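In this note's numbering, the protein residues as written are 14 to 178.
Right under this line is the structure:
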């Protein structure tokens with residue numbers, strides 16, 4: 014999902030109608046309204062007619078919500094992590110809440126990196142195994158259980174290969 018960026022300070026306080034903010038953010042009105050309903054992303058202001066307005070700087074908050082979702086957090090947990098309004102008058106509590114949110118994001122990123130490294134190792138193992146397959150005269154077919162186990166080595170195929178057969 015693309016990440017929108019906040020603009021320089023001269024545009025930072027510019028108010029955008031919800032539709033314009035959604036377009037700049039690469040999202041839709043329904044998502045913004047839902048995030049407001051959950052208390053994740055409040056409009057900066059509303060017109061007398063009830064129209065929602067957002068600041069460009071709110072793109073940073075929206076991007077963090079997306080990042081945390083991408084790391085597997087549900088919206089309730091994201092709301093917990095990002096709720097700093099109730100402690101905004103207490104500097105120490107505010108900083109502790111922000112620190113907690115950043116540590117949680119760092120932990121989730123570390124877990125994601127470990128999982129990706131495991132996947133990469135599995136792919137490397139599968140690519141190495143394909144070298145054996147190049148010299149094999151057996152073709153993966155249902156009659157030979159799609160080469161499981163390998164007719165040449167007798168070993169179980171890497172999951173990455175057997176998933177493709």
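Backbone N, C-alpha and C define an ideal beta-carbon position, used for all residues, glycine too.
Keep in mind it's a predicted model, so treat the numbers as computed, not measured.
Practice task
With a 10 Å radius around its C-beta and 16 neighbouring C-beta atoms as the bar for buried, classify residue 67 as buried or exposed.
Solution key: Locating residue 67 in the chain shown gives position 54, counting from the first residue. Buried: at least 16 other Cβ atoms inside 10 Å.
Problem - Cβ-Cβ distance between residue 104 and residue 53 below 7 Å - result: Stepping through the chain shown from its first residue, residue 104 is reached at position 91. Stepping through the chain shown from its first residue, residue 53 is reached at position 40. Remark: C-beta atoms of residue 104 and residue 53 do not approach each other more closely than 7 Å.
Practice task
Can you tell me which of the three DSSP states residue 150 falls into?
Solution key: Indexing the chain shown from 1 puts residue 150 at position 137. Three-state result, residue 150: coil.
Problem - Own chain residues within Cβ distance below 7 Å of residue 142, not counting five before or after - result: Taking the chain shown and counting its residues from 1, the one referred to as residue 142 is at position 129. Excluding sequence neighbours, residue 142 sits near 170, 171 and 174.
Handout entry: Rounded separation between residue 117 and residue 90 - CA only
Key = In the chain shown, counting from the first residue as 1, residue 117 sits at position 104. In the chain shown, counting from the first residue as 1, residue 90 sits at position 77. The alpha-carbon separation between residue 117 and residue 90 amounts to approximately 10 Å.
Exercise for the section: Please classify residue 29: is it buried, with 16 or more other beta-carbons within 10 angstroms of its beta-carbon, or exposed? Expected result: Residue numbering aside, residue 29 sits at position 16 when the chain shown is read from its first letter. Burial call: buried.
Practice task
Return helix, strand or coil for residue 175, following the three-state DSSP convention.
Solution key: Position 162 of the chain shown, counted from the start, is the residue given in the question as residue 175. Helix.
Problem - Own chain, CB closer than 7 Å to residue 41, minus 5 neighbours either side, in chain order - result: Position 28 of the chain shown, counted from the start, is the residue given in the question as residue 41. Apart from the 5 residues on each side of it in sequence, residue 41 sits with its Cβ closer than 7 Å to the Cβ of 35 in its chain, given in chain order.
Practice task
Please go through the same chain and pick out, in chain order, the residues whose beta-carbon is closer than 7 Å to the beta-carbon of residue 97, but skip the five residues on each side of it.
Solution key: Within the chain shown, numbered from 1, the residue matching residue 97 stands at position 84. Same-chain partners within the cutoff: 107, 110 and 111.
Problem - Among 37, 65 and 61, the one whose alpha carbon lies nearest that of residue 50 - result: Mapped onto the chain shown, residue 50 falls at position 37. Checking every option, the nearest Cα to that of residue 50 belongs to 65.
Practice task
For residue 79, count neighbouring Cβ atoms within 10 angstroms of its own Cβ and tell me buried if that reaches 16, exposed if not.
Solution key: For the purposes of this step, residue 79 is identified with residue 66 of the chain shown, where counting begins at 1. Residue 79 should be labelled buried.
Practice task
Determine the direct distance from the alpha carbon of residue 156 to that of residue 123, and round the result to whole angstroms.
Solution key: Within the chain shown, the letter at position 110 stands for residue 123. Within the chain shown, the letter at position 143 stands for residue 156. The straight-line gap from Cα to Cα measures roughly 43 Å.
Handout entry: Cβ-Cβ separation, residue 94 to residue 114 (assumed contact under 8 Å), whole Å
Key = Position 101 of the chain shown, counted from the first residue, corresponds to residue 114. Position 81 of the chain shown, counted from the first residue, corresponds to residue 94. Contact flag correct, Cβ pair sits at about 4 Å.
Practice task
Name the residue from 163, 102 and 120 whose alpha carbon lies nearest to the alpha carbon of residue 144.
Solution key: Locating residue 144 in the chain shown gives position 131, counting from the first residue. It is 163.
Exercise for the section: Compute the distance between the beta-carbons of residue 86 and residue 38, then report whether it is under 7 Å. Expected result: To locate residue 86, count along the chain shown from 1; it is residue 73. To locate residue 38, count along the chain shown from 1; it is residue 25. At a Cβ-Cβ threshold of 7 Å, residue 86 and residue 38 do not count as neighbours.
Exercise for the section: Have a look at 119, 120, 127 and 150 and flag the residue whose alpha-carbon is nearest the alpha-carbon of residue 166. Expected result: Within the chain shown, numbered from 1, the residue matching residue 166 stands at position 153. It is 150 whose Cα lies nearest to the Cα of residue 166.
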